[in-house]
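Residue numbers (this note's numbering), protein chains in the order written: chain C, 55 to 408; chain H, 55 to 408; chain D, 55 to 408; chain W, 55 to 408; chain Z, 55 to 408. C-beta: ideal position from N, C-alpha, C; glycine also. Working notes, beginning with the structure itself.
This is the structure:
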């Protein structure tokens, strides 16, 4: 998580548009995959250099270029040069600290967002920045890591029957966005499970470890909201966009993703409200426990301290203490002990303390 | 309640528009009821297959089709095919994790919302998703369960004198929305009763059980708000809508439901404010109780510990302790005991502690 | 107060527009008063049936009909029939759980709001719903109870010199709204007094009773805000309204009431901020008191427990305890007692605890 | 401060426009000062009756009338009559419970706001309502008290070189507003100083007195915000105004005051955030202190209670207690005492308690 | 930090437009540097008087004048006179308590903002006000201090290959804004580090010092937000501006800075949420610790006080206490001691207290 809060301070003083990768390096090698398809045709090949892509520029088919790993900035520079992309956009692609946004340029759309993936069995989330360059017949995807994030989209493309093969880059863009957004539902499921367990723990046994878990989840949720809520604006922007690249039949699909994002954000809000309640519950539980401890101490101390005093009296060595010589003195003092203890117990019982 | 926070993670990777029921299955059998009416005519029949509905398409009368149970997705698919409904709408009908919304399509309106019903004598709410497809002469209602939710509307239809029989599908839609929204007033009544009892409990005896009840109500209210507040936007959308399906005389009725939703939301806000106060009250009550316990302990310990010390002094075995031999030694020490105790009691009385 | 949170659950399943009184019945008898006035003429008569009102319809004078008590719904039904009022409006008049609102209909304005009156010397508020139907020459006022709420307006009307006699129903409506809104200033005065007393109580002696008072005031203020803040929108609506009924010279008066409502709402916000501070103060005061109690206990226990131990040593019965035989043994041990106690007292003094 | 929360409840039932002074009376005598100036001419005279002002109506010079003390409502009535001011405006001038606002009338602007002045060395603020009537060549200022609030403006007028002498009433209005708004910077300075002292106090020694100070400052700040934040809207209104009275070159000056108000409001928000943090700090400090007290008690009690018990054992009077006769019994028991105490001290040291 | 909350109270009563430096004086000497450049030409000279600048007015090259130190107001006055700047703008330049803002004047833009620089290894921020006057071929920068804040821009200018040399003053303005805004990323890095350390400290050992650190960071963040969030509006204003000075190709660069500001503000919000969680964590940690202390005390006291009482019984001096003479009396009492202690230990173990 520390990654996601770092800033490109190493970047300062460079010319705007300078291409330097800012962020953690996940792969030193950059892998490029090219997918080219039309209604009747599908091919998927690894590519070694940007130049191999160029020949597809004149074809009518849709070409999807997936770039995995951002360490080699020369690749991004070449793409920028050949496809006429603004230097600031290239800079943003290389800097993995972007907030999700949409930029409409004359010939292309630039979309950047974060995909969230569950990290391990603790509640922890891995973030990956995905950038899309959507041209008329080309779509570029830039990812930080080489992972199966987009394989559902590839599978759908390979399957020739789907709507996806006969539509343009806008529908492919929609499919990618949909896949990334729907991943969040998994995280929400996991979040809910974690919170149900945590709730039980806090009610039954409020330990500092539970408190730390609350804090960790809160941190994670603050970050998640920061990366998910701008996606709403991004999609709102696509819905309002009048770009030629987006076909009018695609809007209804984008509206569907928009609805999903709204549901995820609302669910985050719901969990946030519940979580903030949990801290109050924790504090109240601790207070209740302390109350119990105090009552036990008070009952013990308040019963035995007076008794000890009474025993102390008859342990004094005064020469003339007539009670000490009474035949019934000793049994009598036992009666006093028992009566005092019983009276105090009754008093505490009435107070509801034991 | 766990249901309402689950997400369609099993859905990922499918083509958008794939028809799969997402959510809990309440009924394995899907029941279809067809109601057809005009000013002078009323019929209500169970229907076995979608094809039986088709013959009503050419009639001038209003036809209302109620589908209960969503396990059999082929029914929804057939309706989609025959009435030309967009695949994404069909997908939304089958997925019972929707947030309330209105979608205006060219020939029909799609409305989805949640009905809330009190579950049992504890404060717990059952949620059911209801989808409406409103066409010019047809209205489809899709419900998760087979329950008497809509029977008030049916009764009003059977009664031939009402306005409802001589108006279009828009007025029927209004009646359904009105019935679902007004159910929330029951829940608000119940919520208020529960909270009044809880308040009394917290002031008189703040137990951890009360704390847990507060938390449960809070959770439930967070969910309720999540399902009710989008209904306001939904109705706002209907009021602003310029769809041909809605007659201008119906707007005043929709505005009435809108007012009801506003009242329910305000009432939820009111209860939320009061509830959040209750947690503070709980914490303060606990602190006050602990203070009382502490005072009892302090008074007991502070009186008897010094007395025990004095008794201890004269329990020492020094050879020369002149007091031990004084004739008035023993009565004198009793005076000291009584005076010390009385003095300390007076001191604590002045502090207002006993 | 329980009244104001109840909901018309008994209403469900009825046809919209069904006239049933929903709410507490304050009077079984409905009293109607008719006031008719023009610049030179004033009459004020009790009226037995709605039909008596009808003859005033053709007069040029302004007629004001005050209906007190809503149990007899036939009266409202007749008025609706004769003056062509929409059934939903009649339904709203009979249901005393409305939120304040303005409805503009073609021939009339419908205004509903709550008047707030101090209830008794505790801080408690009585709510009464007042509905206004404002026609061109007629104004109907529906009140729940028969009380002197509107007598200031009547007095002003009886006094023939005022502006009120020579203007239309819009100015009368303004006068009624102004009278109802200004009543809230009384409540604010009372609220301020109560809070000043409460503040003193909490700083000097934070008892659970004070906590309960805070909670009661908070509840009451939540309700007040709920009934007052929509009046702002209502008046905003009147100011923006282009209804023929409102003369352009009346706007400046409506703006004045609007200003008053803003002042009342701001004052409520102010008190709410201060009140929420009071709970924090209460909790801090309790903690401070507990701290004091703890210090007393600690000082007593920490001084006398060591002393008791020392006394205990010389109460042991070992055969060879040389100190016991020393001539200065007993005085010496007193020195030890005094030195120990003094040392500890000094230590606590330095810590600032006693 | 109690003044500023009082409401004109004594006003109810009066005709709107009735002229009655509502608020505290500061001066029974009303003082009028007339200032008349143009580029080359300046005079400043006390005035006894409104009629003396009238002759200035036909002059081209700017006339500024300062009315101090509002007890004599006949003066305001005369001004209203001669200069054609709406009765509701006159009523507002006399009621010193206004919220700051701007009203644009056909021939004049009505501006009302509160000036805030530091009251004494405690943090306490005195409020004074200032009303301005801005006509084409006349400006009326109504103040509650006779104080040197506006003397900086008078000084600038007397000095013939300034821009102020050659511009219209709009620039004079600006100068008055600027003077009143800039007074708040003093209060902010004082507020900051008070808060710095309070912070130190709370960290070093969190007493109930500090708590009370926090509460007082909070109350004062709530009131200040209530009187200052509407001034922003007032100035916003002047900037958007298209009144003939305001010359286009004056807008840049008004924008400057607007900036000052924004800075003051932001500073208030800043202090509010810090203050609300202080209460949390206070509570945490109290808890920390209590923790310390508890540790001392626990260490003392837990060390000496076991020791006392051991001493108690050898104070028992059993006939056969072999240890009592051992030669090394007594020194041995001292070893036990010391070892036990040392062991426990070590245990608490490890826990970090002493 | 105290500086940033001070107000120009010393300024009151002066004519608006009076040139007085308000704020802390950092340098008594004012240093002026002149940079003149075009595509092929670059010069950078110190300048002694404003008059030396004037000759550059007729050149086509871009001239950048950097004024460091504001104590000598005559320099600002001369610049105002020669370049026709409004007196209020000059006044704002000299007053270092401005909130960031943009003012569009006919011939120039006035931009004022705060640069934030890390102060030392504690989390503390130094603020410096930077004002920009952007004319067609001239740009003036006014800074409080003489520091290397703008050296990255100068370096880029010296390097003749960059875009910056062939564009106008708008691009230079962008470069300056970008440099100042990007400095905040450093501060965010530092803030994150400080907070991670603080979190660990609070969980492991919640001391009052940690509490004070939280408070200090909170104060600093409140101030930072106050100075950064208006920069968003400032840049929004530049983006919407239709000034001739800004070339259409520069907008995309300004949008980039705008994105950076958004990221910084979001990051501030994130940290604020986490920080406010930390105070709750602190309080809960303290309560948990106190609970532990209480348990130790309770266990010790509750075990040894009863034992001491039993020992006390057999220390009494009654003549007839048969147990004292039993052969197994003494060993028997040891059994009682051990059994009692074991029983109580078991009881507390079951409660989970030790």
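Closer than 8 Å at the beta carbon, the chain D residues around residue i
{"i": "residue 358 of chain W", "result": "359, 360, 362, 363"}
Cβ-Cβ separation, residue j to residue i (assumed contact under 8 Å), whole Å
{"i": "residue 89 of chain W", "j": "residue 148 of chain W", "result": "Incorrect: roughly 23 Å between the Cβ atoms, too far for contact."}
{"i": "residue 310 of chain Z", "j": "residue 124 of chain C", "result": "With a Cβ gap of about 19 Å, residue 310 of chain Z and residue 124 of chain C do not count as contacting."}
{"i": "residue 191 of chain H", "j": "residue 117 of chain H", "result": "6 Å"}
{"i": "residue 169 of chain Z", "j": "residue 184 of chain Z", "result": "6 Å"}
{"i": "residue 274 of chain W", "j": "residue 264 of chain W", "result": "With a Cβ gap of about 16 Å, residue 274 of chain W and residue 264 of chain W do not count as contacting."}
{"i": "residue 179 of chain W", "j": "residue 278 of chain W", "result": "6 Å"}
{"i": "residue 268 of chain W", "j": "residue 252 of chain W", "result": "7 Å"}
CB contact below 8 Å: residue i versus chain C
{"i": "residue 399 of chain Z", "result": "no"}
{"i": "residue 313 of chain Z", "result": "yes"}
{"i": "residue 203 of chain H", "result": "no"}
Nearest to residue i (by Cα), restricted to the options the options
{"i": "residue 299 of chain Z", "options": "Z:338, Z:161, Z:120", "result": "Z:161"}
{"i": "residue 234 of chain H", "options": "H:217, H:154, H:267, H:263", "result": "H:154"}
{"i": "residue 156 of chain Z", "options": "Z:118, Z:258, Z:227", "result": "Z:227"}
{"i": "residue 380 of chain Z", "options": "W:381, W:373, W:307, W:95", "result": "W:373"}
{"i": "residue 317 of chain D", "options": "W:284, W:213, W:133", "result": "W:284"}
{"i": "residue 289 of chain H", "options": "H:195, H:104, H:163", "result": "H:163"}
Within chain D, the residues that residue i reaches when beta carbons sit closer than 9 Å
{"i": "residue 154 of chain W", "result": "Under the 9 Å cutoff, chain D gives no residues; its nearest Cβ is about 11 Å from residue 154 of chain W."}
{"i": "residue 177 of chain H", "result": "Simply none; closest approach about 15 Å."}
Neighbouring residues, chain C, relative to residue i (Cβ below 9 Å)
{"i": "residue 348 of chain H", "result": "348, 352"}
Closer than 8 Å to chain Z by CB, residue i
{"i": "residue 219 of chain W", "result": "no"}
{"i": "residue 334 of chain W", "result": "yes"}
{"i": "residue 269 of chain C", "result": "yes"}
Beta-carbon spacing of residue i, residue j below 8 Å
{"i": "residue 241 of chain W", "j": "residue 229 of chain W", "result": "no"}
{"i": "residue 371 of chain D", "j": "residue 369 of chain W", "result": "yes"}
{"i": "residue 345 of chain W", "j": "residue 347 of chain Z", "result": "yes"}
{"i": "residue 130 of chain D", "j": "residue 204 of chain D", "result": "no"}
{"i": "residue 351 of chain C", "j": "residue 338 of chain Z", "result": "no"}
Residue i at chain W interface by Cβ criterion, 8 Å
{"i": "residue 316 of chain D", "result": "yes"}
{"i": "residue 343 of chain Z", "result": "yes"}
Cross-chain neighbours of residue i in chain W, by beta carbon under 8 Å
{"i": "residue 381 of chain Z", "result": "374"}
Within-8 Å CB hit, residue i to chain H
{"i": "residue 393 of chain C", "result": "no"}
Within chain C, partners of residue i - CB distance below 7 Å
{"i": "residue 320 of chain Z", "result": "153, 280"}
Interface residues of chain Z facing residue i [CB-CB closer than 8 Å]
{"i": "residue 355 of chain C", "result": "355, 356, 359"}
Any C-beta of chain E under 8 Å from that of residue i
{"i": "residue 276 of chain C", "result": "Absent from the structure: chain E. Protein chains present are C, H, D, W and Z."}
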